[in-house]
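>
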Amino acid sequence: MRPTSPPRRVSPEKEVPKPEYKRVKIGLEGGGCPMGTVPIRRTTKDDLIRAKLYSEMHASKINPLTDDQPGKHFAVAQTIANIDYDGVGAMLSVWNLPVQAPQYTSGRVKIKNGAESLEAGWTVNPGLYGGDNRTRMYIYTNAGQAHCFNTPCGFIQASADIPVDMVLEPVSRYGEIPYGITLSIYQDTINLSWYLYYDDNRTEVGWWPSQIFTNLGSTATGAEWGGEVFSPPNVPSPGMGSGHRIKLDTNYDAFCAQANIVVNNTITKPPRDLEQFSNNFNFHITNKGDVGGDPGYLILYGGVSGAIGN
Numbered sequence: 001m002r003p004t005s006p007p008r009r010v011s012p013e014k015e016v017p018k019p020e021y022k023r024v025k026i027g028l029e030g031g032g033c034p035m036g037t038v039p040i041r042r043t044t045k046d047d048l049i050r051a052k053l054y055s056e057m058h059a060s061k062i063n064p065l066t067d068d069q070p071g072k073h074f075a076v077a078q079t080i081a082n083i084d085y086d087g088v089g090a091m092l093s094v095w096n097l098p099v100q101a102p103q104y105t106s107g108r109v110k111i112k113n114g115a116e117s118l119e120a121g122w123t124v125n126p127g128l129y130g131g132d133n134r135t136r137m138y139i140y141t142n143a144g145q146a147h148c149f150n151t152p153c154g155f156i157q158a159s160a161d162i163p164v165d166m167v168l169e170p171v172s173r174y175g176e177i178p179y180g181i182t183l184s185i186y187q188d189t190i191n192l193s194w195y196l197y198y199d200d201n202r203t204e205v206g207w208w209p210s211q212i213f214t215n216l217g218s219t220a221t222g223a224e225w226g227g228e229v230f231s232p233p234n235v236p237s238p239g240m241g242s243g244h245r246i247k248l249d250t251n252y253d254a255f256c257a258q259a260n261i262v263v264n265n266t267i268t269k270p271p272r273d274l275e276q277f278s279n280n281f282n283f284h285i286t287n288k289g290d291v292g293g294d295p296g297y298l299i300l301y302g303g304v305s306g307a308i309g310n
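97 is the number that the UniProt record's numbering gives to position 97 of the sequence shown; each next residue is one higher, with no gaps.
1) Does the Cβ of residue 25 have 16 or more other Cβ atoms within 10 Å, making it buried, or fewer, making it exposed?
2) Tell me whether residue 103 is buried or exposed, calling it buried when 16 or more other Cβ atoms sit within 10 Å of its Cβ.
3) Can you tell me whether residue 299 is buried or exposed, with buried defined as 16 or more other CB within 10 angstroms of its CB?
4) Please identify the residue among 272, 281, 304 whose C-alpha is closest to the C-alpha of residue 287.
5) For residue 267 versus residue 278, is the C-beta spacing smaller than 7 Å?
6) Between the C-alpha atoms of residue 296 and residue 256, what's the straight-line distance to the nearest angstrom?
7) Answer yes if the region 144–159 comes into contact with the region 230–248, meaning at least three C-beta pairs across the two stretches below 8 Å, and no otherwise.
8) What number of angstroms, rounded off, separates the C-alpha of residue 280 from the C-alpha of residue 303?
9) How is the beta strand (DSSP E) around residue 213 delimited, first residue to last?
10) Kindly indicate the opening and closing residues of the beta strand (DSSP E) around residue 281.
11) Based on the DSSP output, what are the partners of residue 148 in its beta bridges?
12) Just list the residues that DSSP pairs residue 255 with in beta bridges.
13) Given 8 Å as the limit, is there contact between the region 257–266 and the region 116–125, that is, 3 or more CB pairs closer than that?
14) Using only CA atoms, which one of 131, 76, 113 lies nearest to residue 98?
15) Classify residue 291: buried if its beta carbon has 16 or more other beta carbons within 10 angstroms, exposed otherwise.
16) Tell me whether residue 226 sits in a helix, a strand or coil according to DSSP, three-state version.
17) Taking residue 141 as the reference, which of 153, 134, 133 has the closest Cα?
18) Identify whether residue 231 lies in helix, strand or coil by the three-state DSSP scheme.
19) Can you tell me the Cβ-Cβ gap for residue 84 and residue 219, rounded? I've got them flagged as a contact below 8 Å.
20) Contact check, residue 113 vs residue 216 under 8 Å by CB: the rounded distance?
21) Which value, in whole angstroms, describes the spacing of the CA atoms of residue 164 and residue 123?
22) Under the three-state reduction of DSSP, which class applies to residue 306: helix, strand or coil?
23) Can you give me the C-alpha to C-alpha distance between residue 170 and residue 211, rounded to a whole angstrom?
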């Protein structure tokens, strides 16, 4: 379903150079599925069990890693203004870090309203993918009582050659020009459905019908950019982002560049006063704000492995 009211982009006052990064190869080999069809992953019973387990882990509240309540660690920048948001987006550098199931590490953008939220980004999550440690694109849906990775609980695939869980290759290497993907989640202000777009040309990947939501069925009240990791108690967590402490250099740090929000159906830069939040000293977030040109609005995040629960 094509959006009926795609957001407008404010034209820059002058042309600016593109950021120094390389694009991740995207799309299925051979041009994707035949016209009128979309890619659907073949699923086994074990796949469904893993998907349910990891979806429930991901849906847990923000908690430190403890024996009685294992959880996640975050380093995010988030909006604080009490206004309606019609979308969120960024160009995310893509990384691959050592991870052992049931751990995961991710970088993403997020749009939310109350307990409901939508995420899109990259992840290394071998438990979800049967031991596969490659970096993948992912989405996460938290809608009412339903929460899941990728497509089982409401997302409708539209693209014939960009599945939401596709492998992302190549990935960034520490100290070199990074590889990145551009992802955006925008709401159609007429039909109120949410759409996932890929790249600067806003290639539609698919959409979430407004009917599956309670809060997000009307609007969003917040947006986020950054990273998160998960590890069970007493197991050192994986790294976040590039797996290193922030050096304030996009060849070394994981980042969300060209960060944007949609307000009144117009794509714009986030406000400078984003709240920066990290719930573990291993992981860091730095909001550089609008650094000019492109990368434009820049948010850096990441950190070393080793956070351990009680």
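Idealized CB from N, CA, C, for every residue including glycine.
Model, not experiment: these values are computed from the prediction.
In brief:
1) exposed
2) Residue 103 counts as buried, since no fewer than 16 other beta carbons sit within 10 angstroms of its beta carbon.
3) buried
4) 272
5) Inclusion of residue 267 and residue 278 in the CB contact set at 7 Å is not warranted, their separation being larger than that value.
6) 10 Å
7) no
8) 10 Å
9) In this chain, residue 213 is not harboured by any beta strand (DSSP E), its DSSP state being neither H nor E.
10) No beta strand (DSSP E) contains residue 281, which DSSP labels as neither H nor E.
11) 141
12) 300
13) no
14) Ranking the options by Cα distance to residue 98, first place goes to 131.
15) Around the Cβ of residue 291, a 10 Å sphere holds fewer than 16 other Cβ atoms; the residue is exposed.
16) strand
17) 153
18) Of the three classes helix, strand and coil, the one that applies to residue 231 here is coil, per DSSP.
19) Yes, they are in contact, since the Cβ atoms of residue 84 and residue 219 sit about 4 Å apart, within 8 Å.
20) Between residue 216 and residue 113 the Cβ distance is about 5 Å, and since that is below 8 Å, they are a contact.
21) The straight-line gap from Cα to Cα measures roughly 11 Å.
22) DSSP places residue 306 in the coil class of the three-state scheme, outside both helix and strand.
23) 37 Å
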